[in-house]
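According to the working numbering, the sequence shown holds residues 18 to 262 in order. The C-beta atom is built at its ideal place from N, Cα and C for all residues, glycine as well. From a predicted model like this one, the values you see are computed outputs, not experimental measurements. Only one structure is covered here, and it is reproduced in the block below.
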Amino acid sequence: MIVIVDIPFTEMEDNSLTYDTYPLAIIHTENFLITVCLKNSKVLTDFINGKIKSFFTFKKSRFILQILNRISTYYLLYLRQIDKKSLMIEKRLHKSMKNRELIQLHSLEKSLVYFSTSLKANEITLEKLLKVEVMQKYSEDKDVLEDVIIENKQAIEMTEIYSNILASTMDFFASVISNNLNIVMKILASLTILMAIPTIMSGIYGMNVDLPFQQEPYAFLLVMGITFSICGLVAFILYKKDMFS
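Printed below as a string of structure tokens:
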């Protein structure tokens with residue numbers, strides 16, 4: 018009998034903890050129980066280091082169930098870590114929006130997609146194990162397997178909830194960024210209009226034609242006064258139109 022399930026892993030990427038999954042194959046033979054995985058897993062090292070009590074390798078079916086139970090435990094643990102990390106990043110984003118935080122949120126969102134896919138695949142495998150004769154041999158084993166299935170379903174529900182929360186958070190901050198950009202564009206447009214007025218006035222008075230006040234000794238001051246008055250009036254109108262906020 019071969020049991021293939023996805024197990025959760027944590028990895029360091031750009032000085033940040035990321036979450037991923039890798040397949041674990043458990044091969045049940047008459048005399049041996051063989052596990053094969055691409056990477057060293059905490060799930061198995063916990064058994065080696067004696068963190069799991071009351072397990073015996075000669076009870077192969079029970080040992081498989083204990084491995085599956087440990088996998089579910091790590092999924093739940095990492096899901097809670099993801100939830101805490103997303104809350105911390107969200108708090109930092111409220112203070113200052115930086116690309117680093119947004120990238121971290123996206124990374125967590127991607128991790129939840131991996132978890133969701135893997136947990137649903139594991140659910141199918143666990144349901145099939147219920148029908149395997151080896152697992153039905155002892156009533157205690159069947160009870161343990163049912164507990165593992167319940168924990169796996171709980172992990173699936175948690176993944177869906179956290180995914181929805183994270184997606185809505187990303188949408189919210191995308192809206193905030195878009196709104197901030199609109200505000201900046203409004204302010205820049207208003208400043209452009211105001212800066213264009215002195216340019217227009219100086220351009221008019223730079224022409225070689227008869228213009229008002231050109232013979233007056235205080236022509237420059239008069240023109241400047243008119244220019245600033247127009248700027249002030251336009252600025253007031255723009256302010257009333259809420260163009261500076």
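As assigned by DSSP and simplified to three states, the class of residue i
i, result
"M18", "coil"
"M114", "coil"
"F64", "helix"
"T35", "strand"
"F190", "helix"
"V53", "strand"
"F73", "coil"
"E47", "coil"
"L146", "helix"
"F261", "coil"
Among the options, nearest to residue i - alpha-carbon criterion
i, options, result
"T134", "T90, E177, R117, K68", "E177"
"L211", "I194, S246, Y235", "S246"
"L125", "T35, V149, I21", "T35"
"H123", "D164, I182, K112, K70", "I182"
"I44", "G67, I84, A206", "I84"
"D63", "F49, F80, E47", "F80"
"A206", "F237, K68, L255", "L255"
Other residues of its chain near residue i: CB distance less than 7 Å, five sequence neighbours each side excluded
i, result
"I204", "F261"
"E233", "L239"
"Y136", "Sequence inspection shows Leu at residue 136; the Tyr mentioned does not correspond to that position. Y92, N169, A172, I173, T176."
Cut-off 8 Å between Cβ atoms - residues of its own chain near residue i, not counting five sequence neighbours on either side
i, result
"E118", "I106, R109, L110"
"D164", "N86"
Same chain, Cβ closer than 6 Å to residue i, five either side skipped, listed in chain order
i, result
"L41", "V22, I24, C54"
Residue i CB to nearest heavy atom of the ligand FMN below 7 Å
i, result
"M212", "This structure lacks the ligand FMN; in fact it carries no ligand of any kind."
Original post:
In the segment 223-259, which residue ranges form an unbroken alpha helix (DSSP H) of at least 4 residues, counting only runs that do not cross its ends?
Top reply: Taking 4 residues as the shortest admissible run, the segment 223-259 contains the following complete alpha helix (DSSP H) segments, listed from N- to C-terminal end: 236-257.
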